[in-house]
């Protein structure tokens with residue numbers, strides 16, 4: 001399987017999935033037999049499909065590259081010959097590549113960035129696409145389309161994009177060449193987000209580029225949530241692929257609570273099947289979050305420790321060292337709990353705490369994650385503390401309060417900081433506090449997972465540790481950003497004639513070991529979406545379960561108008577977080593005196 | 001607590017309780033009072049008590065060497081300690097601590113320690129013992145009244161000895177400006193006496209000199225026997241008969257070899273015990289004084305994450321590796337008589353193995369640890385001939401330089417079959433280790449200088465990522481490496497994802513490199529061991545029953561090797577050793593961790 005090892009781009013499940021070739025065959029088979037069923041009845045096809053989907057879905061266990069929905073949007077004519085064509089080469093099927101060689105040359109991929117003039121598109125999406133192109137991870141025939149309301153020519157779009165592209169990966173001499181080549185593949189289409197006509201126009205342009213070849217289309221919705229559904233409706237009705245797949249990447253926020261999220265999902269599902277929806281959580285694309293499962297499941301030394309028997313508490317910490325900086329309009333409507341905790345931190349928690357999945361396939365992993373979420377108690381108000389940063393003058397410089405932000409109401413109670421204690425009521429984790437902490441305008445920028453182990457029972461050396469044995473326990477830290485690192489705090493003897501113990505780190509500093517730059521989370525996630533790898537995207541039931549945990553709390557906070565604890569800009573956050581931790585007999589690992597990092 | 005300020009010197013049984021040092025002075029006073037008033041022990045007795053670290057049997061040694069006039073009442077003393085302990089249950093730690101420190105405070109000025117290096121003109125004395133003593137002095141670890149005596153057959157004046165000693169002293173620890181001064185002060189405490197090793201008269205003479213220096217104070221005497229084994233007994237006899245302390249303790253440090261096999265070792269022990277109690281005998285194994293060997297127990301017992309893994313359930317094999325990058329270099333006379341198995345394996349590596357594999361001791365007291373070590377040794381099968389590979393280095397020409405064969409050494413017989421390399425597989429037949437191979441490897445004239453412990457873990461059962469590991473799952477297991485020398489380090493090999501878009505796994509290290517974390521130089525093993533001997537800490541010294549058990553594992557195979565005249569496998573000087581070691585490992589499904597391609 002030489003190709004598996006050499007392709008740097010293939011995402012994980014394609015890389016290993018032991019049954020992928022079987023899956024492909026199975027998929028081809030279902031594809032083939034399902035063709036006649038929707039012959040000519042394209043309007044209700046999607047309907048039928050979404051009904052039959054669930055069953056097939058489980059039948060196939062995990063439908064990887066070519067979701068069933070791919071043909072729900074196909075038109076009947078193209079179906080049959082294609083199906084035959086695809087059935088012929090199963091022997092040559094390359095499990096690691098979404099399409100067989102023969103197909104690859106004939107299929108096209110169009111990535112349409114809806115909201116192309118926005119910030120995220122410019123800062124993240126286009127650069128990530130270029131990086132993928134640069135690394136030869138995109139299919140041969142790919143096109144990038146920008147779609148937004150602004151009138152722009154292709155040239156203007158290219159000009160705009162080119163400013164944010166960098167050849168960061170490793171400075172090869174052909175970077176400019178590559179950039180030119182990439183920009184030549186970028187096009188622009190202006191239109192209204194809720195106009196089916198505009199999307200019909202887009203469809204026309206896409207078809208031009210596809211030139212009759214198999215068409216796969218990926219829509220990246222980089223737009224405000226209130227127009228999600230409109231765009232999805234228009235895109236699915238007017239710009240779906242006729243003979244390949246159509247997928248839609250959606251960014252957070254996925255609603256504000258259980259109801260609005262449920263409503264959004266319901267609306268999306270009117271036009272898309274579950275397999276077409278790629279809810280992105282870019283934290284799941286971070287290198288060390290990806291590595292979390294590898295650490296757990298490919299090292300004998302960690303798995304035996306991964307339970308309430310040995311782990312005392314787990315801390316999920318996210319902090320930013322800047323505030324909303326004049327752009328708090330969106331944030332104020334959501335707050336830090338919705339913005340960071342309910343999605344990023346909770347997702348990491350689920351990955352951390354899940355049982356060993358049957359395989360590394362997306363559905364197996366997501367099944368396990370949902371189980372974790374469903375085993376958790378909804379958060380109680382007393383297990384949460386909220387904070388908001390206030391103005392602070394330091395070294396002659398004055399830092400603004402959250403409410404100084406002109407886009408934020410003066411009397412806003414929106415938390416910019418929150419800490420919470422969560423519990424998983426299952427056999428593995430019963431009673432273990434999972435502490436989350438997220439905040440803006442804190443003293444450092446940091447995202448990390450800290451696992452504090454229990455103290456050594458009957459410790460022979462306990463006299464060396466002072467009165468609090470828990471202060472000297474082992475701690476495993478996965479630092480997601482900045483400076484990716486894994487380290488394990490251990491007790492060892494201070495070299496010398498005495499017997500003084502010390503906590504040292506067993507270290508793996510990524511920068512030292514892997515000098516190559518680590519790809520941005522968006523690159524990984526875009527590639528996964530292109531390849532149909534859903535492992536890092538959030539399934540509807542996961543999302544529901546996540547909201548179910550946070551919605552009662554969020555409501556109570558808002559109904560009772562809980563006043564956030566104010567903390568100075570650039571500080572370590574409200575002290576309430578310490579008291580919350582103390583209540584559960586935990587000490588924050590990132591704020592203890594001895595920590596120098 | 002002035003005595004505690006020099007805390008860095010104390011070995012741990014004295015001051016493990018660093019945290020409470022600041023808060024316990026009141027307790028200390030109390031304890032002192034209780035101690036003296038309730039038991040009525042004389043102050044003179046205290047040091048012996050102190051040094052014995054509350055082990056009952058340690059009195060006997062002292063008592064034996066003591067004058068009968070000494071007011072000894074160990075039973076009452078013990079009882080009073082008990083009483084005190086009971087009374088102070090809540091603060092028992094500080095009480096124990098202060099027991100030691102209080103004693104020091106009171107008796108410090110009145111007791112003396114004299115360290116007599118028997119064989120003072122020898123190599124070990126010059127290279128290791130005197131420098132270690134100076135380093136201890138330099139770090140203020142020696143008692144106030146200490147004297148160093150050199151004793152040997154050569155005629156020398158004190159000044160000549162000082163001159164000789166001064167050449168090897170360095171201020172290595174950290175270059176403080178007063179090093180020269182300290183050196184002078186140290187040298188002023190060094191004296192010399194010449195005499196025969198088997199002459200009681202000469203030792204009586206020595207005793208006289210020692211008494212002069214003690215000036216009537218409580219006298220504690222440590223003899224370091226840095227002499228060939230054939231005169232051990234004579235020296236011990238003379239020292240104990242004629243130069244024992246009259247009112248303090250007398251201890252004797254003995255260096256390897258402790259015999260050649262079970263019989264000779266037992267004979268040696270028996271002879272020593274004619275003159276010394278077990279508690280007076282300090283059999284030194286300087287490997288046990290190495291920083292990372294000391295740290296082994298700390299790692300195991302003070303970290304939750306290691307102990308659950310420490311058994312046959314998770315550990316696939318353990319490797320104990322020792323290699324030197326030089327041969328006998330013209331000094332093979334002694335070595336040829338012993339060979340690498342006796343020189344390195346039966347003592348250093350086996351001791352480390354026992355420490356590694358022992359059950360959790362009841363406490364960190366010397367006897368508790370040594371009890372556990374003996375249990376390990378007694379659970380082991382004697383080594384079989386087929387589980388041993390031996391080798392001998394042959395000459396090798398590299399880059400125009402000719403490296404000699406072992407038998408080119410002029411002090412070695414031309415037809416010597418003495419192994420300069422050996423590898424062996426050992427097994428511990430207890431519940432924790434049944435079936436786990438412990439592989440040892442030791443050799444001279446190899447490609448690197450190294451001493452390390454490698455712990456290879458089992459593969460992950462039902463590994464989700466096993467597609468990434470190729471066919472041999474065991475190749476990608478975790479491995480814990482404790483590198484004893486050079487460049488002390490601990491690292492744990494883990495599998496992680498190579499950063500990037502794919503899913504390639506890689507083996508990285510979670511590292512603790514001592515040089516990076518601890519800038520201060522690590523003390524030499526001899527410093528630690530000398531200090532322990534002075535303080536009566538026996539944890540790192542080998543007890544007679546340990547020694548017996550160790551010999552009984554190796555004696556049959558040594559005998560068989562010699563009787564059958566097994567010819568060693570030859571390996572070139574500077575190579576990685578005979579390939580036979582790989583086949584031995586392969587038989588137990590082990591791969592040497594130090595010779596993997598990635599290293």
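Chains as they are written, first to last, in this note's numbering: chain A, 1 to 597; chain B, 1 to 599. Each residue gets a CB set at the ideal place from its N, CA and C atoms; glycine is no exception.
Residue i versus the options, residue with shortest Cα-Cα distance
i             : options                    : result
residue 165/B : 505/B, 186/B, 342/B        : 186/B
residue 316/B : 578/B, 459/B, 126/B, 561/B : 459/B
residue 351/B : 453/B, 505/B, 222/B, 150/B : 453/B
residue 565/B : 373/B, 463/B, 417/B        : 417/B
residue 253/B : 569/B, 160/B, 535/B, 586/B : 535/B
residue 108/A : 531/A, 551/A, 364/A        : 531/A
residue 410/B : 334/B, 426/B, 376/B, 382/B : 334/B
residue 405/A : 388/A, 421/A, 420/A        : 388/A
residue 193/A : 279/A, 221/A, 111/A, 368/A : 221/A
Neighbourhood of residue i by C-beta distance below 7 Å, restricted to the same chain and skipping five residues each side
i             : result
residue 5/A   : The predicted position of residue 5/A is uncertain, since its pLDDT is 38 and thus under 50; a value taken from the coordinates is nonetheless stated next. Cβ neighbours of residue 5/A beyond the five flanking positions: none.
residue 555/B : 261, 262
residue 354/B : 373, 376, 377
residue 327/A : 407
Length of the line joining the Cα atoms of residue i and residue j
i             : j             : result
residue 219/B : residue 147/B : 11 Å
residue 423/A : residue 350/A : 11 Å
residue 482/A : residue 353/A : 23 Å
residue 203/A : residue 361/A : 33 Å
residue 43/B  : residue 110/B : In this prediction, residue 43/B has a pLDDT of 37, which is less than 50 and means its spatial position is unreliable; nothing more can be read from the coordinates.
residue 262/A : residue 249/A : 17 Å
residue 75/A  : residue 242/A : Bear in mind that the predicted position of residue 75/A carries a pLDDT of just 35, short of 50, making it too unreliable to give a figure here.
residue 552/B : residue 382/B : 7 Å
residue 237/B : residue 522/B : 36 Å
residue 195/B : residue 156/B : 10 Å
residue 83/A  : residue 430/A : Model confidence at residue 83/A stands at a pLDDT of 37, short of 50, so the residue's coordinates are unreliable and nothing is read from them.
residue 387/B : residue 534/A : 53 Å
Cβ neighbours of residue i in the same chain (closer than 8 Å, five flanking residues each side left out)
i             : result
residue 408/B : 395
residue 479/B : 454, 455, 456, 457, 492, 493, 593
residue 361/B : 368, 369, 371, 372
residue 544/A : 258, 261, 262, 265
residue 413/B : 336, 407
CB contact flag (residue i, residue j, <8 Å)
i             : j             : result
residue 634/A : residue 343/A : Residue 634/A lies beyond the residue range present for chain A, which begins at 1 and ends at 597; the question has no answer from this structure.
residue 324/B : residue 446/B : yes
residue 162/A : residue 183/A : yes
residue 580/A : residue 301/B : no
residue 348/B : residue 287/B : yes
residue 563/A : residue 413/A : yes
residue 419/B : residue 568/B : yes
residue 151/B : residue 116/B : yes
residue 541/A : residue 370/A : yes
residue 377/B : residue 550/B : yes
residue 114/A : residue 125/A : no
Sequence-distant residues of its chain with Cβ nearer than 6 Å to residue i (five each side left out)
i             : result
residue 317/A : 437, 448, 590
residue 479/A : 448, 485
Handout entry: Any 3 or more C-beta pairs closer than 8 Å across the stretch 511 to 528 of chain B and the stretch 127 to 141 of chain B
Key = Contact check between the stretch 511 to 528 of chain B and the stretch 127 to 141 of chain B: three or more CB pairs, one atom from each, fall below 8 Å, which counts as touching.
Exercise for the section: Would you check if the stretch 253 to 273 of chain A and the stretch 228 to 244 of chain A touch, i.e. whether three or more CB-CB distances between them fall below 8 Å? Expected result: Verdict: yes, contact present.
Problem - Given 8 Å, three or more beta-carbon pairs between the stretch 381 to 396 of chain A and the stretch 554 to 572 of chain A - result: Yes: the two stretches touch, three or more of their Cβ pairs being nearer than 8 Å.
Problem - the stretch 430 to 444 of chain A in contact with the stretch 308 to 316 of chain A per 3-pair CB rule at 8 Å - result: In short, these stretches touch, since the Cβ pair count reaches three.
Practice task
Please confirm if the stretch 575 to 586 of chain B is in contact with the stretch 274 to 283 of chain B, defined as three or more CB-CB distances below 8 Å between the two stretches.
Solution key: No, the stretch 575 to 586 of chain B does not touch the stretch 274 to 283 of chain B.
Practice task
Decide yes or no for the touch test of the stretch 283 to 290 of chain A against the stretch 515 to 526 of chain A: beta carbon pairs closer than 8 Å, at least 3 of them.
Solution key: A contact exists between the stretch 283 to 290 of chain A and the stretch 515 to 526 of chain A.
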